[in-house]
Ligand code: IPE
Ligand code: IPE
Ligand code: MG
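Numbering (this note's numbering), first residue to last: 376 to 610.
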């Protein structure tokens, strides 16, 4: 596969379409999530291999958690347990740095412990940094950032709050904004994913369901991305 000369520094992915993938095969939705989780590992490894510094994926939104049957949310947590458990075993070889973004306080305690371990162990790796958004909502993140700022200043903000200061209180503090955001599954919306950080990202929507999304399609999207003219409001 021929890679374009310029690769994005940070790719964001809305991994949508797991449920439909399963339904088309007459399988329960959880089989779609399981296939999606396997595909994430394969795409993340590929991004590391080709030298993409940052990959941020949407695994579970605050709205998914609030609006889907508890059983499905529990199935996603189970897959997360399995994913992190497997990652902990192969981390030394994979050298992928794992980070988790979102309202993590409301996750089950054992999942939070696994997350803390995975982040701690993988912190020293310098391969691709994979940020997994779990119980993540962009508006929730912005409100949490505003609360953090207020707490730090004991309710009296004396300095001017700049975009830079504000963004350092987001879950993505110290991450560059994504250059490219891909949504699989055929819908053309952000569904509350990184609304602040995607302000100038190039957006790509594909009909491919997430478990079917291939390295080949990713390369083809990156080729398209490398030809886009990013003006940032200029001429
Ligand atoms: C995305 O797939 C994964 C999660 C939201 C957890 P969906 O579960 O939304 O799959 P579809 O959109 O129903 O096919
Ligand atoms: C977005 O997909 C969330 C994730 C992929 C984790 P949804 O399936 O929740 O989005 P909507 O409900 O179609 O907007
Ligand atoms: Mg969906």
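The beta-carbon is built from N, C-alpha and C at its ideal position, and this holds for glycine as well.
Note that the structure is a prediction, hence the values are computed from the model and not measured.
Per-residue DSSP class, three states only, for residue 430
Residue 430: strand per DSSP, three-state reduction.
Local Cβ density within 10 Å of residue 504, reported as buried at 16 or more and exposed below that
Buried: at least 16 other Cβ atoms inside 10 Å.
Is the closest heavy atom of ligand 1 to the C-beta of residue 435 under 7 Å?
With a cut-off of 7 Å, the C-beta of residue 435 is classified as near ligand 1, since at least one heavy atom of the ligand falls inside that distance.
Which residue wins for smallest C-alpha separation from residue 506, given the options 378, 395 and 431?
With distances taken between CA atoms, residue 506 lies nearest to 431 out of 378, 395 and 431.
Indicate, with yes or no, if ligand 2 has a heavy atom lying under 7 Å from the CB of residue 566.
True, at least one ligand heavy atom lies under 7 Å from that Cβ.
Over the uninterrupted beta strand (DSSP E) stretch that includes residue 458, give me the two end residues.
Premise fails: residue 458 lies in the alpha helix (DSSP H), 445-469, not in any beta strand (DSSP E).
For residue 538, which option in 496, 378 and 517 has the closest C-alpha, if you only look at C-alpha atoms?
Taking only the C-alpha atoms, the option nearest residue 538 is 517.
For residue 435, the residue or residues it bridges with in DSSP
BP columns for residue 435 point to 509.
One or two residues paired with residue 577 in a DSSP bridge:
Answer by DSSP bridge pairing, in chain order: 555.
With hydrogens ignored, establish whether the beta-carbon of residue 386 is closer than 7 Å to any heavy atom of ligand 2.
Residue 386: no, Cβ never under 7 Å from ligand 2.
Go ahead and pull the three-state DSSP assignment for residue 408.
The answer is helix: DSSP assigns residue 408 an H, G or I state.
What first and last residue would you give for the alpha helix (DSSP H) that runs through residue 491?
Residue 491: member of the alpha helix (DSSP H) spanning 484-497, first to last residue.
Going by beta-carbon coordinates alone, are residue 425 and residue 382 separated by less than 8 Å?
Residue 425 is a Cβ neighbour of residue 382, given a cutoff of 8 Å.
Quick check on DSSP: helix, strand or coil for residue 473?
When DSSP states are grouped into helix, strand and coil, residue 473 belongs to the strand group.
Candidates 592, 603, 604 and 610: which alpha carbon is nearest residue 377's?
For residue 377, the nearest C-alpha among the options comes from 592.
At least 3 beta-carbon pairs within less than 8 Å: the segment 434-446 vs the segment 394-401:
Between the segment 434-446 and the segment 394-401, the count of Cβ pairs shorter than 8 Å is below three; the stretches do not touch.
Give the secondary structure of residue 594 by DSSP, where H, G and I count as helix, E and B as strand, and everything else as coil.
DSSP places residue 594 in the helix class (H, G or I) of the three-state scheme.
Measure the C-alpha to C-alpha separation of residue 471 and residue 584 and round it to an integer number of angstroms.
Answer to the nearest angstrom: the Cα atoms are 25 Å apart.
Could you say which of 542, 420, 481 and 587 lies nearest to residue 448 if we only look at CA atoms?
The option with the nearest alpha carbon to residue 448 is 481.
Secondary structure of residue 521, DSSP reduced to three states
Three-state result, residue 521: helix.
Helix, strand or coil: which one does DSSP assign to residue 387?
Reduced to three states, the DSSP call for residue 387 is strand.
At a cut-off of 7 Å, is residue 438 close to ligand 2 when judged by its beta-carbon and the heavy atoms of the ligand?
With a cutoff of 7 Å, residue 438 counts as near ligand 2, since its C-beta is closer than that to a heavy atom of the ligand.
With ligand 3 as the reference, list in chain order each residue whose Cβ lies under 7 Å from any of its heavy atoms.
In chain order, the hits are 391, 392, 394 and 560.
Name the one or two DSSP bridge partners that residue 504 has.
According to DSSP, residue pairing for residue 504 in a beta bridge involves 429 and 472.
Pick from 484, 526, 479 and 460: whose alpha carbon is nearest that of residue 497?
Taking only the C-alpha atoms, the option nearest residue 497 is 460.
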